[in-house]
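Per our numbering, residue 16 is the first one in the sequence shown, and the count goes up by one each step. Using N, Cα and C, we set each Cβ at its ideal position, and we do this for glycine too. Computed from a predicted structure; not experimentally measured. Structure first, commentary second.
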Amino acid sequence: MRRTERKLDHAYENALCLPLHRGSRIVMMSDCHRGVGNWGDNFQPNQNLFFAALQHYNQRNFTYIELGDGDELWENRDLGEIARIHSNQFWMMEQFYRSGRLYMLYGNHDRKKAKGQYFQNACCPSPAPCQYSPSKPPSPSCAKSHPSLFPNIKVEEAIRLKDSCSGLELLLVHGHQGDFWNDTLWKATRFLVRYLWRPLELAGCNDPTSAAKNYAKKEKIEQRLSAWASSRRIYLVAGHTHRPVFPKPGEGYYFNDGSCVHPRCITALELEHGAIALVKWSVKVREDNVMYIGRDVLEGPIPLKDFASFFETFCPSNVSNK
Numbered sequence: 016m017r018r019t020e021r022k023l024d025h026a027y028e029n030a031l032c033l034p035l036h037r038g039s040r041i042v043m044m045s046d047c048h049r050g051v052g053n054w055g056d057n058f059q060p061n062q063n064l065f066f067a068a069l070q071h072y073n074q075r076n077f078t079y080i081e082l083g084d085g086d087e088l089w090e091n092r093d094l095g096e097i098a099r100i101h102s103n104q105f106w107m108m109e110q111f112y113r114s115g116r117l118y119m120l121y122g123n124h125d126r127k128k129a130k131g132q133y134f135q136n137a138c139c140p141s142p143a144p145c146q147y148s149p150s151k152p153p154s155p156s157c158a159k160s161h162p163s164l165f166p167n168i169k170v171e172e173a174i175r176l177k178d179s180c181s182g183l184e185l186l187l188v189h190g191h192q193g194d195f196w197n198d199t200l201w202k203a204t205r206f207l208v209r210y211l212w213r214p215l216e217l218a219g220c221n222d223p224t225s226a227a228k229n230y231a232k233k234e235k236i237e238q239r240l241s242a243w244a245s246s247r248r249i250y251l252v253a254g255h256t257h258r259p260v261f262p263k264p265g266e267g268y269y270f271n272d273g274s275c276v277h278p279r280c281i282t283a284l285e286l287e288h289g290a291i292a293l294v295k296w297s298v299k300v301r302e303d304n305v306m307y308i309g310r311d312v313l314e315g316p317i318p319l320k321d322f323a324s325f326f327e328t329f330c331p332s333n334v335s336n337k
């Protein structure tokens with residue numbers, strides 16, 4: 016627990032600060048684990064859901080914040096190959112980036128993004144020079160040869176959203192902070208996942224380091240994150256465990272946006288009109304048997320002012336002393 020506290024305190028103190036107000040429109044997703052389109056690519060079944068969701072948010076001028084593990088860089092070495100396989104999704108994210116509405120956090124599976132200029136050095140494909148319209152994404156062959164998808168983007172460990180009127184703060188992190196296997200020994204764990212546990216999954220063995228697949232580990236991580244948030248009186252938004260969490264005002268300070276690799280759906284947290292909601296995107300079928308991708312509200316929307324009434328103003332300089 017002390018390790019988690021130290022890591023989250025450090026993340027809080029060094030977080031990128033962004034203003035939050037009633038006109039803010041923000042969507043938060045995490046744990047896409049975009050792969051290279053093979054049998055190990057957990058994102059592949061939901062890639063169309065992800066594209067449809069981002070298209071919806073882009074049309075409504077939302078800011079997209081990806082809370083870590085966007086790309087599966089433990090099992091795969093080449094981000095450029097991931098971007099080539101999922102060029103439509105990267106093309107859509109580029110629309111957010113070009114208008115200044117894209118922010119990324121790194122998680123344990125894509126921690127390499129913490130390095131400066133990682134996207135540029137990784138030679139990600141960019142469809143920008145190709146001929147396309149907003150309604151027609153580029154083909155993979157068109158996107159293949161163009162480097163530097165998100166030039167000069169800085170991938171953060173944490174972001175603080177602060178409402179200057181109420182003093183309410185939301186700290187956004189991936190949620191792996193302080194995890195012994197996925198944070199402290201992440202390089203050793205990456206090696207084992209890449210060369211040992213991933214092949215064993217074919218034989219029905221789950222990765223024991225995974226917070227998403229190990230129920231006991233998931234519970235322990237969520238308890239630590241929730242305890243830190245409650246002790247600091249800071250609303251904490253994370254991913255990592257792949258399990259959505261949406262407390263009611265007064266019930267807790269810990270939120271989780273779920274993941275983009277749930278069977279048959281993806282989940283997200285939305286901030287709009289001064290309220291927060293947990294939503295789900297999935298394939299639906301109309302009465303005439305036409306299939307479409309639709310959005311369902313699972314929890315909320317609840318006005319942030321309702322949470323602010325339980326919020327005690329907290330001085331950042333005292334974080335390390337708590």
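Asked                                                                                                                                                                  : Found
If Asp86 and Asp46 are in contact, beta carbons under 8 Å, what's the gap, nearest whole angstrom?                                                                     : Asp86 to Asp46, Cβ: 11 Å. No contact.
DSSP three-state label for Asp86, please.                                                                                                                              : strand
Grouping DSSP H, G and I as helix and E and B as strand, with all else coil, what is Gly55?                                                                            : coil
Within 8 Å, do at least three Cβ pairs link the stretch 300-318 to the stretch 81-100?                                                                                 : no
Terminal residues of the continuous alpha helix (DSSP H) containing Glu20?                                                                                             : Arg17 to Glu28
If I follow the unbroken alpha helix (DSSP H) through Lys263, where does it start and stop?                                                                            : No alpha helix (DSSP H) holds Lys263; DSSP gives it neither H nor E.
Going by DSSP, what residue range makes up the alpha helix (DSSP H) through Phe65?                                                                                     : Gln62 to Gln74
Pair every Cβ in the stretch 101-119 with every Cβ in the stretch 246-260, then say whether three or more of these pairs are closer than 8 Å.                          : no
What's the C-alpha gap between Lys128 and Asn304?                                                                                                                      : 43 Å
Are three or more beta carbon pairs between the stretch 30-41 and the stretch 163-177 nearer than 8 Å?                                                                 : yes
Once the 5 residues before and after Ala67 are set aside, which same chain residues still bring their CB inside 8 Å of it?                                             : Trp296 and Ile308
Less than 8 Å between the beta carbons of His101 and Arg17, yes or no?                                                                                                 : no
Ordered along the chain, which non-local residues of its own chain (more than five positions away) have a Cβ less than 8 Å from that of Ile168?                        : Tyr112, Leu117, Met119 and Phe134
Under the three-state reduction of DSSP, which class applies to Asn304: helix, strand or coil?                                                                         : coil
Please report the Cβ distance between Leu69 and Met43, rounded to the nearest whole angstrom; I am assuming they are in contact, meaning their Cβ atoms lie under 8 Å. : Not confirmed; about 12 Å, so no contact.
Among Glu184, His288 and Cys280, which has the Cα closest to the Cα of Asn63?                                                                                          : Cys280
Find out if the Cβ-Cβ distance for the pair Tyr78, Arg239 is shorter than 8 Å.                                                                                         : Reading off the sequence shown, one finds Thr at residue 78, where the question assumed Tyr. No; because the gap between Cβ atoms is not below 8 Å, this pair is not in contact.
Would you kindly work out how many angstroms separate the C-alpha atoms of Asp24 and Glu184, rounded to a whole number?                                                : 14 Å
Once DSSP output is grouped into helix, strand and coil, what is the label at Asn271?                                                                                  : strand
Any idea if Cys275 is buried or exposed, counting beta-carbon neighbours within 10 angstroms, 16 or more meaning buried?                                               : buried
How is Thr282 classed by DSSP in three states: helix, strand or coil?                                                                                                  : strand
Report all residues from its chain with a CB closer than 7 Å to the CB of Ala290; omit the five preceding and five following residues, and keep chain order.           : Gly315, Pro316, Ile317, Pro318 and Leu319
If you drop the 5 nearest sequence neighbours on each side, which residues of the same chain put their C-beta closer than 7 Å to that of Arg75?                        : Arg40
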